[in-house]
Structures are given as C-alpha cells and as structure tokens.
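Student:
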Amino acid sequence: MLSRTLLLAAVLSPALVLADEPASNPPEFAECVVRLKDTASERGISAAVIERDLASVNYVARVIELDRKQPEFSESFATYFERRVTEDRIVRGRALLKEHQQLLNRISREFGVPAQYLVAFWGLETNFGGFFGKMPILDSLATLACDPRRSDYFTGELINALKIIDEGSITAEKMQGSWAGAMGHTQFMPSVFLRYAIDYDGDGKRDLWGSLPDALASAANFLRGIGWQKEQRWGREVSLPKNFPFEKAGLANSLPLQQWQSLGVRQTSGAKLPDADMTAALLVPTGHQGPAFLVYDNFHVIMRWNRAEAYALAVGHLADRINGAGSLKRQPVQAPRLSRDQVMTLQTALNDRGFTAGEPDGVLGPGTRAAISRYQKSRQQVADGFVSKTILTELGVLGDD
Numbered sequence: 150m151l152s153r154t155l156l157l158a159a160v161l162s163p164a165l166v167l168a169d170e171p172a173s174n175p176p177e178f179a180e181c182v183v184r185l186k187d188t189a190s191e192r193g194i195s196a197a198v199i200e201r202d203l204a205s206v207n208y209v210a211r212v213i214e215l216d217r218k219q220p221e222f223s224e225s226f227a228t229y230f231e232r233r234v235t236e237d238r239i240v241r242g243r244a245l246l247k248e249h250q251q252l253l254n255r256i257s258r259e260f261g262v263p264a265q266y267l268v269a270f271w272g273l274e275t276n277f278g279g280f281f282g283k284m285p286i287l288d289s290l291a292t293l294a295c296d297p298r299r300s301d302y303f304t305g306e307l308i309n310a311l312k313i314i315d316e317g318s319i320t321a322e323k324m325q326g327s328w329a330g331a332m333g334h335t336q337f338m339p340s341v342f343l344r345y346a347i348d349y350d351g352d353g354k355r356d357l358w359g360s361l362p363d364a365l366a367s368a369a370n371f372l373r374g375i376g377w378q379k380e381q382r383w384g385r386e387v388s389l390p391k392n393f394p395f396e397k398a399g400l401a402n403s404l405p406l407q408q409w410q411s412l413g414v415r416q417t418s419g420a421k422l423p424d425a426d427m428t429a430a431l432l433v434p435t436g437h438q439g440p441a442f443l444v445y446d447n448f449h450v451i452m453r454w455n456r457a458e459a460y461a462l463a464v465g466h467l468a469d470r471i472n473g474a475g476s477l478k479r480q481p482v483q484a485p486r487l488s489r490d491q492v493m494t495l496q497t498a499l500n501d502r503g504f505t506a507g508e509p510d511g512v513l514g515p516g517t518r519a520a521i522s523r524y525q526k527s528r529q530q531v532a533d534g535f536v537s538k539t540i541l542t543e544l545g546v547l548g549d550d
C-alpha cells in the first residue's frame, strides 16, 4: 500500500500483526466513542451501523504500541531488497501472472498498467494474498482516532470504513487488516478504497478481500488515478563510467535522458539510453560499488503508493523479474546496521562539521545522504552518499577497530 498521496506512505504498507484480545475499554475511550458516534451521524453514517458496529468497538493497546514503536535498528537497502525480491516470490509471481493472464490482460488494456506491476504490488503488499492482517479494522481505527497524535486523520479513516460497511461491501466482523487500517489484497486504506476500489466482477459490491478481480482492477484504477504513464516503464538499472559525478545522484536531480547519456550513463548491456524525450533521476542506494538506477515518472507514481525509495525499487525490479528479466548486474552492497541513536550521532557529526543533515531524527533519509556526499567530496572521496564503515569511523559513529 498513500500520502500515498495523503499520508498513506506511512500506513498503507504497515507491519501486519495478529490482534490481541481486547481488554476492558478505558473510560476516556468510551467517552471518545460517544463523540465519534455523533461525528458519524453528522457525516451520514446510518444509525444501524453506528449502533451495531461503531458502538461495539474496543480499545486495542497493541495498536498504540505499534504506532509509537520506532525500529531500534535501521534496515539497510541491501537487506530490505533481498528480503522482498526473492526467488520464491519471483517464481510464484510468474506462475500467478500465467494463471491469471486473461484477467490481468483485460485489466491492463482497460487501465494502462502492465500486468507484471499489478502482480508485484500484490506480492509485496500481502505476499499474493497470503496474509491480509488479522486486526479488526474498526477497533484499530477507533483506537487511533481516540489517540491525540493523529486523531483527525484516523477519525476520517474510521468514518470512511463505516461508509464501506454501510454500502454493503463487507461486514464489520469480516473487515480485518493491518494495525493501521490497511485492508485486502492490495492493503488499501478506507479513503483509498472509497475513491478507487471498483466492482470488477459485477457482483454488486467492491470486495478487496474475496474477489481478486476487484482487488487487482482497483490497484490498476488507483495507479492510473495517481498518474501512471501507460507507455513508460518504472526505470532501469544502468552502468556508470569511471569518475562519474555522483553529486548528480538523487531524486531531486532530474535530467533529460540525453544529458545522462552525455555523462556516460549506459544501459547495463553497454547500449545507449533510449532516444526519448523523458527525464530521469539517478539512484545509487548502496553507493558506487552497488547497482545504479535511472528512474522515470512511474517510479514517482509507485512512491505515491509508498513513499520509500527502497519500496519503489523493489516493486520495479520485482515486476521486471516476474516479466522474465534477469537479476541485477550489480548486487546491493551491505551497509553497517545502525541504531536510531547511531544515525542521530551521524547526523549531529555532519551538522557540527558544516555538512547540514537537518535536525537529527535517527532516519537515514535523502537529506542525510546528501550531507554525506558533500562530506565525501570535501575529502576527495567518491561522493556517492553511501554510509560506509569508513565514513562512520571518520565521523566517530563507530569505533576504530
């Protein structure tokens, strides 16, 4: 799973966990539910759904724990990528592409999204429908709506979930998914469901749990709605020349393909880049020794589904592999595993030396990588922004052992 456009990056692909048995509801939660019932009534939810379903929601402490939980260690790109683009997933994806070829081809013709991308999203979101999540969606959303951190957002998603029940697409008992409210084969949040889910099998309801036609067509409808370019691919792995100016890498630096060509960028076969009027950005997620990617407009569309660059690269490459392409020519390079505290130490060290990484937050994002690149360039190193052991040692994050 937006924002996927509206903050859904953080919640459409959340960790999927089993539901805890609800404890007795805290008094303040019960008071909040009373207010939520008034809000639901004001927004047109039927009295039957309010009294039957919203009135019976339970507070789930585990949901708040997961919402607050920040991973102690950051996962490297290499680890993330290797765990998601696996041989088993590729083989299964190819088999499902063949098994559902007629359906997928029809959806692709209608919505302009190639079948292999739909299968790749399906595979990454729920392992091809293997696990949707077991949390009662109304309980999760009500718990988050009654928590002050993102109350407005989750109140809206709770109301949207009630609308889905009101329209008859699913019952509250069967509406299960992730701890943050994402649902079905494609892990849509309720707001995305209401806007983009469609009844593709013609049974009169939009069913992202039990109807694969509905789920895959809804995914294609969503991708088209957020800007998918029919005639473009997501990007491609490329080869770079020696002495490439890595300060030009990053999503913020988009250039015409012919300009990348003039900088010596080539397809991995050695062939010239396509002679097309397109712009692209260059990504080197594990530095100059790992793979390099030129990414196009559709890569940004994938990032509206999930804002992580690593997710978008995994979707793109998995789609290529499902469609018959080979493995990467250069494999991702493993980086040291860092805790959030260590990343904050790194960011502070860069800031102290005049290489602004922003407010230390423990997140190894593009701002920090850009600061590392500037630091590397000042020391006549390859300015690829990669967090190597050498950099961490120089900046005092790791001991000199």
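In this text, residue positions in the sequence shown follow our numbering: the first is 150, and each later residue adds one.
C-beta: ideal position from N, C-alpha, C; glycine also.
What did DSSP end up calling P171 once you bin it into helix, strand or coil?
Tutor: Stepping through the sequence shown from its first residue, residue 171 is reached at position 22. At P171, the pLDDT of 46 sits below 50, so the modelled position is not reliable; the number obtained from the coordinates is stated separately. It is coil, neither helix nor strand.
Student: Using 8 Å for Cβ pairs, my map puts L311 next to A459. What's the rounded Cβ distance?
Tutor: Taking the first residue of the sequence shown as 1, we reach residue 311 at position 162. Taking the first residue of the sequence shown as 1, we reach residue 459 at position 310. About 34 Å; that fails the 8 Å criterion.
Student: Helix, strand or coil for R217, going by three-state DSSP, please let me know.
Tutor: Within the sequence shown, the letter at position 68 stands for residue 217. Of the three classes helix, strand and coil, the one that applies to R217 here is helix, per DSSP.
Student: So, A227 versus P481, is the Cβ gap smaller than 7 Å?
Tutor: Within the sequence shown, residue 227 is the residue found at index 78, counting from 1. Within the sequence shown, residue 481 is the residue found at index 332, counting from 1. Result yes, Cβ atoms of A227 and P481 sit closer than 7 Å.
Student: Counting Cβ pairs closer than 8 Å, one from the segment 499-506 and one from the segment 355-370, do we hit at least three?
Tutor: No, the segment 499-506 does not touch the segment 355-370.
Student: Using a 10 Å radius around the Cβ and a threshold of 16 neighbouring Cβ atoms, would you call Q483 buried or exposed?
Tutor: The residue given as residue 483 occupies position 334 in the sequence shown. So Q483 ends up on the exposed side.
Student: Counting along the chain, where does the alpha helix (DSSP H) carrying V240 start and finish?
Tutor: Start at 1 with the first residue of the sequence shown, and residue 240 comes out as number 91. Taken as a continuous stretch (DSSP letters only), the alpha helix (DSSP H) holding V240 covers E236 to E248.
Student: Quick check on V536: buried or exposed, where buried means 16 or more other Cβ atoms within 10 Å of its Cβ?
Tutor: Position 387 of the sequence shown holds residue 536. Buried, by the Cβ-count rule.
Student: Is there contact between the segment 198-211 and the segment 466-480, where contact requires at least three CB pairs shorter than 8 Å?
Tutor: Counting Cβ pairs under 8 Å, fewer than three are found: no touch.
Student: Measuring only the C-alpha atoms, how far is A468 from A197?
Tutor: The residue given as residue 468 occupies position 319 in the sequence shown. The residue given as residue 197 occupies position 48 in the sequence shown. Cα-Cα distance, rounded: 44 Å.
Student: Only counting the same chain, and skipping five residues up and downstream in sequence, which positions put a Cβ closer than 7 Å to that of Y445?
Tutor: In the sequence shown, counting from the first residue as 1, residue 445 sits at position 296. Closer than 7 Å at the Cβ level, and outside the excluded window around Y445, lie Q381, R382, W383, G384, M427 and A429.
Student: Quick one: using the 10 Å Cβ neighbour count with 16 as the cut-off for buried, is S300 buried or exposed?
Tutor: Position 151 of the sequence shown holds residue 300. Counting Cβ neighbours within 10 Å, S300 comes out exposed, since fewer than 16 surround it.
Student: Give the secondary structure of Q483 by DSSP, where H, G and I count as helix, E and B as strand, and everything else as coil.
Tutor: Reading the sequence shown from its first residue, position 334 is the one you call residue 483. Here Q483 sits in coil by DSSP.
Student: May I ask you to verify whether the segment 322-336 touches the segment 278-286, counting CB pairs closer than 8 Å and requiring at least 3?
Tutor: The segment 322-336 vs the segment 278-286: in contact.
Student: Where do the N-terminal and C-terminal ends of the alpha helix (DSSP H) with S527 fall, by residue?
Tutor: In the sequence shown, counting from the first residue as 1, residue 527 sits at position 378. Taken as a continuous stretch (DSSP letters only), the alpha helix (DSSP H) holding S527 covers P515 to S527.
Student: Looking only at its chain, what residues have a beta carbon closer than 6 Å to the beta carbon of G511, apart from the 5 residues adjacent to it on each side?
Tutor: To locate residue 511, count along the sequence shown from 1; it is residue 362. If we look at G511 and ignore the five residues flanking it on each side, its Cβ neighbours are R489, V492 and M493.
Student: Indicate the three-state DSSP secondary structure (helix, strand or coil) for M493 in the structure shown.
Tutor: If you number the sequence shown from 1, residue 493 lands on position 344. Reduced to three states, the DSSP call for M493 is helix.
Student: Between the Cα of V531 and the Cα atoms of G436, V341, Y302 and F448, which residue gives the shortest distance?
Tutor: Counting from one through the sequence shown, the residue named residue 531 turns up at place 382. It is G436 whose Cα lies nearest to the Cα of V531.
Student: Going by DSSP in three states, V531 sits in which element: helix, strand or coil?
Tutor: Working through the sequence shown from its first residue, we reach residue 531 at position 382. Here V531 sits in coil by DSSP.
Student: Determine whether the beta carbon atoms of L487 and P362 lie at a separation below 7 Å.
Tutor: For this step, residue 487 is matched to residue 338 along the sequence shown. For this step, residue 362 is matched to residue 213 along the sequence shown. No, the pair does not count as a contact, with Cβ atoms beyond the cut-off.
Student: In this structure, what does DSSP give as the bridge partners for G326?
Tutor: Within the sequence shown, the letter at position 177 stands for residue 326. According to DSSP, G326 bridges with M284 and M332.
Student: Provide the residue span of the alpha helix (DSSP H) that contains L365, from first to last.
Tutor: Numbered from its first residue, the sequence shown carries residue 365 at position 216. Note, L365: alpha helix (DSSP H), L361 to G374.
Student: Is F395 close to the ligand PLP? I mean its beta-carbon at under 6 Å from any heavy atom of the ligand.
Tutor: Inclusion of the ligand PLP in the displayed structure is not the case, the ligand content being empty and no account of it being possible.
Student: Take every Cβ of the segment 398-409, pair it with every Cβ of the segment 370-379, and state whether three or more of those distances are shorter than 8 Å.
Tutor: Segments in contact, no.
Student: May I ask you to report which of helix, strand or coil DSSP gives F222?
Tutor: Within the sequence shown, numbered from 1, the residue matching residue 222 stands at position 73. Strand at F222.
Student: Smallest Cα separation from G333: which of V387, G272, C295 and S173?
Tutor: Position 184 of the sequence shown, counted from the first residue, corresponds to residue 333. That would be G272, whose Cα lies nearest to the Cα of G333.
Student: Taking buried to mean at least 16 other C-beta atoms within 10 Å of its own C-beta, is A346 buried or exposed?
Tutor: Sequence index remark: in the sequence shown, residue 346 carries index 197 (1-based). With 16 or more Cβ atoms within 10 Å of its Cβ, A346 is classed as buried.
Student: Given a cut-off of 7 Å, decide if D533 and V433 are closer than it, judged by their beta-carbon atoms.
Tutor: Start at 1 with the first residue of the sequence shown, and residue 433 comes out as number 284. Start at 1 with the first residue of the sequence shown, and residue 533 comes out as number 384. Their beta carbons are under 7 Å apart, which means V433 touches D533 by this criterion.
Student: Can you tell me the Cα-Cα spacing of V546 and K391, whole angstroms?
Tutor: Locating residue 546 in the sequence shown gives position 397, counting from the first residue. Locating residue 391 in the sequence shown gives position 242, counting from the first residue. Each residue's Cα considered, the two are about 29 Å apart.
Student: If you draw a straight line from the C-alpha of R355 to the C-alpha of I319, how long is it?
Tutor: If you number the sequence shown from 1, residue 355 lands on position 206. If you number the sequence shown from 1, residue 319 lands on position 170. Rounded to whole angstroms, R355 to I319 spans 8 Å at the Cα level.
Student: Tell me which residue opens and which closes the alpha helix (DSSP H) that G465 is part of.
Tutor: Residue numbering aside, residue 465 sits at position 316 when the sequence shown is read from its first letter. G465 -> alpha helix (DSSP H) spans E458 to I471.
Student: Can you grab the Cα-Cα spacing for the pair P440 / F230, in whole Å?
Tutor: Looking up residue 440 in the sequence shown gives position 291. Looking up residue 230 in the sequence shown gives position 81. Taking the straight line joining both Cα atoms gives about 12 Å.
Student: What are the boundary residues of the alpha helix (DSSP H) that S340 is part of?
Tutor: Residue mapping note: residue 340 aligns to position 191 of the sequence shown, counting from 1. It spans P339 to Y345 - the alpha helix (DSSP H) in which S340 sits, taken as one unbroken run.
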